[in-house]
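These notes are about the structure you will find just below.
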DNA sequence: CATGAATGAGAATTCATTCAT
DNA sequence: TATGAATGAATTCTCATTCAT
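Chains as they are written, first to last, in the working numbering: chain S, -10 to 181; chain H, -10 to 181; chain R, -10 to 181; chain F, -10 to 181.
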């Protein structure tokens, strides 16, 4: 109840930042979209940067929490990878706004902020690395630098909702399938 | 000789835009970095947007020209893909500034500009599609939607210099190898 | 009370625009004269043009309102003309600033604005035409194109505070008398 | 022959200043319209103001010269007035560009310049005063302050090509007639 | 908690003017 | 004579931020 206004602000910030990128978005736009005054923005958030930070860190936390859960389930690496991709693709396609924000703005703010975001990314890379190592042990994944493979997984996942791809594949389920297959097998003809 | 100043401006614009993104970069910064006055900027370029456009379109042209050349060579699809990746990765790593610009700014400017950039992207997708189709005929690539595969190639190529990856792989040659293998075979254990 | 600042701005705008003409006047000058910051100007008015528009339209409205009142009074055309001139000359002499603005700037702004001003002028011409027609019926005014005569009335009235004339006649009452006589009888020797 | 370029510049300056008013007109516009470079402008004229001054002073000289001629002819005051008006109206209607410049810009430039223009005006007022005095002696014009009457003549003459009037009267000859009659007799019904 | 008026630093852009060639 | 590249001060306007109410 109490957090009513704060949440309204966060939602409009999400909308505005996803449409406009950090520097093009203005506090006026956010205030208007939230239906509050600019003064209210500053009562709830110290600055534009803090508001943005809140949004991004929350967004990233959402991912790492679920990733952590998946990683700790008692299933095969293959299943974990599928679940990670399924979760990631669905969330990113549904919340394409947040996805846009994550893809386009992160490096644009202060050094301090960049570091916090990179720490979050690092968290995710570590979770993925764990999964990859499990996969190597299960003879699913080629034995190679596990961390590097984890990074590649993240790159593919987080670009999976790039405009180019979205135009090609309309059904989310199909997109999960496609991304999963691509990640696992690449583009080569599979002999069988 | 004559184009001295214009080139100086383009170079500092490249630097400034790659560090700062379109809206955070200011004409003052570009002028200072080029060692000319703001008036001079406007003598050579009609507006901030035109200066940016020049930079981006030039950059994209550079890629499509070489891609076209590679596509029309008389070699196997496999060799073409390797060459495309080799060229792309090297250029993007060397000119990481331009890469940053392409990744982070394109959607931020006017609709008109967006369309021009998308047209350039489409050009590249078409070249890649051609190569992929050749690869399918040569039984190299899984027979599937060729265009979609081409899009995936581009996504992987253009994110191949993402900070995360660069931190993992320092040697460019090795990075080419890695990206190529990832694209062709994914992360699975190759049985042989 | 609330409109304090807005009014302060309008007053300094009046001063600055009357001294400097639209293009030579700067928002900085207006802000300084009003003792507020430039930002405040833009809080109260959307743009320089809007601020100017407000001033001019207000000014013109002031005239047409009184002209309308006079036109609808139950008096002879002769009395109406005298009242119109009396009102016009007094206001224009007292507010020579506004008069300067009206005389010198109107055609300098956007087409859209020009049309709005011309519409206001047309309103006045119509009121004057009505009076002139009454005068013709009362055998006061030569039967001729009434509208043209109305236009001539306006020309004389709105140039009645031209610098040249003001230098010649210092007393306003005398100036009203003079303009009225000139308008009615021209410069010829009146035989009687 | 030598003055070719200089004249070209003066002509485009006339066009540009009449369309745009002093501050809205730019040296770039004048240079482009003349088909020369901005550098050339500054070779022929010291500054924008000097170029404008040249134009205006020339224009005013043109009037005073002819007015002087008319004043010194051996004809009645009535004929002189008619000739003055005929000449003035025709020139102002034909050269409405110059007329616009004279009406709209004069007070906008430096004090020094203003004084020079006022001196020219004063010259004209004196010539007119002479004519008016002759008219008083010939019992044509009401015996009154001659100078003031001369000023009124000038006001009527120089506003005779105001847009409002031009819209009403299309034929120049008719306009001369109308202005002359208005000046001599005002708007009252003439009994005889 | 919330508002809206106010601020001022900084943004893009224009333009009269200069000057080497 | 003529050019065009260069300058820098001035201009309009934006926007994150503050604060009295």
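Beta carbons are placed, not taken as given, at the ideal position from N, Cα and C, and that holds for glycine.
Every value quoted in this text rests on a predicted model; they were computed, and no experiment measured them.
Minimum C-alpha distance to residue 85 of chain R - residue among R:175, R:25, R:6: Selected option, being the one with the closest Cα: R:6.
DSSP three-state assignment for residue 80 of chain F, whether helix, strand or coil: Of the three classes helix, strand and coil, the one that applies to residue 80 of chain F here is helix, per DSSP.
Supposed contact pair residue 124 of chain R and residue 66 of chain R - C-beta distance, whole angstroms, cut 8 Å: Contact between residue 66 of chain R and residue 124 of chain R holds: their C-beta atoms lie close to 3 Å from each other, under 8 Å.
Rounded distance between the beta-carbons of residue 116 of chain S and residue 56 of chain S, thought under 8 Å: Rounded to whole angstroms, the Cβ separation of residue 56 of chain S and residue 116 of chain S is 5 Å, and the two are in contact under 8 Å.
For residue 158 of chain F and residue 167 of chain F, believed in contact at Cβ under 8 Å, the rounded distance: Residue 167 of chain F to residue 158 of chain F, Cβ: 6 Å. Contact.
Interface residues of the region 134 to 163 of chain F facing chain R [CB-CB below 9 Å]: Correct list: 134, 136, 137, 138, 140, 141, 142, 143, 144, 145, 147, 148, 149, 151, 152, 153, 154, 156, 157, 158.
Bounding residues of the alpha helix (DSSP H) (the contiguous stretch that carries residue 12 of chain R): Element bounds for residue 12 of chain R: n/a, residue is neither H nor E.
Per-residue DSSP class, three states only, for residue -10 of chain F: In this predicted model, residue -10 of chain F has a pLDDT of only 46, less than 50, meaning its place in the structure is not dependable; the value taken from the coordinates is given anyway. Coil, per DSSP.
Three-way DSSP call (helix, strand, coil) for residue 2 of chain S in this model: DSSP places residue 2 of chain S in helix when its eight states are reduced to three.
Chain H contact for residue 131 of chain S (CB, 8 Å cutoff): Yes, residue 131 of chain S counts as interfacial toward chain H.
Chain F within 8 Å of residue 172 of chain R, Cβ atoms only: At least one beta carbon of chain F lies nearer than 8 Å to the beta carbon of residue 172 of chain R.
Distance between residue 128 of chain F and residue 37 of chain F (C-alpha atoms, nearest Å): Between residue 37 of chain F and residue 128 of chain F, the C-alpha separation is close to 48 Å.
Residue 106 of chain F vs residue 140 of chain F beta-carbon contact at 8 Å: Between residue 106 of chain F and residue 140 of chain F, the gap from beta carbon to beta carbon reaches 8 Å or more.
First and last residue of the uninterrupted alpha helix (DSSP H) at residue 41 of chain R: Boundaries of the alpha helix (DSSP H) harbouring residue 41 of chain R: 37 to 60, taken from the DSSP string.
Residue 147 of chain R versus residue 174 of chain F - alpha carbon distance: Cα-Cα distance, rounded: 20 Å.
Proximity of residue 135 of chain R and residue 121 of chain R at Cβ, strictly below 8 Å: Contact flag set, yes.
Beta-bridge partners of residue 130 of chain S, as assigned by DSSP: Partner residues in the beta bridge of residue 130 of chain S, as assigned by DSSP, are H:177.
Residue 62 of chain R versus residue 70 of chain R - alpha carbon distance: So the alpha carbons of these two residues sit roughly 12 Å apart.
Residue 183 of chain F, buried or exposed, once every other Cβ within 10 Å from all chains shown has been counted against 16: Residue coverage of chain F in this structure runs from -10 to 181, which leaves residue 183 of chain F outside it and unanswerable.
Residues of its chain near residue 8 of chain S, where Cβ-Cβ distance is below 6 Å and the 5 sequence neighbours each way are ignored: So no residue of the chain qualifies.
Member of S:110, S:137, S:2 whose CA lies at the smallest distance from the CA of residue 44 of chain S: Comparing C-alpha distances from residue 44 of chain S to each of S:110, S:137, S:2 shows the shortest one belongs to S:2.
Residue-level contact to chain F via CB, residue 113 of chain R, 8 Å cutoff: Taking Cβ atoms only, chain F never reaches closer than 8 Å to residue 113 of chain R, which makes this a no.
C-beta atoms of residue 99 of chain H and residue 165 of chain H nearer than 8 Å: In this structure, the beta-carbon distance from residue 99 of chain H to residue 165 of chain H does not fall below 8 Å.
Same chain, Cβ closer than 6 Å to residue 132 of chain S, five either side skipped, listed in chain order: Within the same chain, residue 132 of chain S has close Cβ partners 125.
Whole-angstrom distance between residue 22 of chain H and residue 102 of chain F, CA atom to CA atom: In a straight line, the C-alpha of residue 102 of chain F is about 43 Å away from that of residue 22 of chain H.
Reference residue 4 of chain S; option with closest CA among S:108, S:172, S:109, S:90: Comparing Cα positions, the closest option is S:90.
Residues, ordered as in the chain, of the region -5 to 21 of chain H that lie near chain S by beta-carbon distance below 7 Å: So the close ones are 10, 12, 13.
Cutoff 7 Å; reference residue 26 of chain F; Cβ partners in own chain excluding five residues on either side: Apart from the 5 residues on each side of it in sequence, residue 26 of chain F sits with its Cβ closer than 7 Å to the Cβ of 20 in its chain, given in chain order.
Residue 177 of chain R versus residue 118 of chain F: straight-line alpha-carbon distance, rounded: Spanning the two alpha carbons is a distance of roughly 14 Å.
Unbroken alpha helix (DSSP H) run spanning residue 28 of chain S, endpoints: Counting along the chain, the unbroken alpha helix (DSSP H) around residue 28 of chain S starts and ends at 27 to 33.
For residue 10 of chain F and residue 83 of chain S, the rounded distance between their alpha carbons: Rounded to whole angstroms, residue 83 of chain S to residue 10 of chain F spans 57 Å at the Cα level.
Any chain R beta carbon closer than 8 Å to residue 175 of chain F: Closer than 8 Å to some Cβ of chain R, the Cβ of residue 175 of chain F qualifies, so yes.
Interface residues of chain F facing residue 119 of chain R [CB-CB closer than 7 Å]: Neighbourhood of residue 119 of chain R in chain F, by CB distance below 7 Å: empty, with the nearest CB roughly 15 Å away.
Classification of residue 17 of chain R by the beta-carbon crowding that lies within 10 angstroms, buried from 16 upward: Residue 17 of chain R should be labelled exposed.
Cβ of residue 105 of chain F within 8 Å of any chain R Cβ: Interface criterion not met: the Cβ of residue 105 of chain F is under 8 Å from no Cβ in chain R.
Sub-8 Å separation of residue 53 of chain H and residue 104 of chain H beta-carbons: Their beta carbons are not under 8 Å apart, which means residue 53 of chain H does not touch residue 104 of chain H by this criterion.
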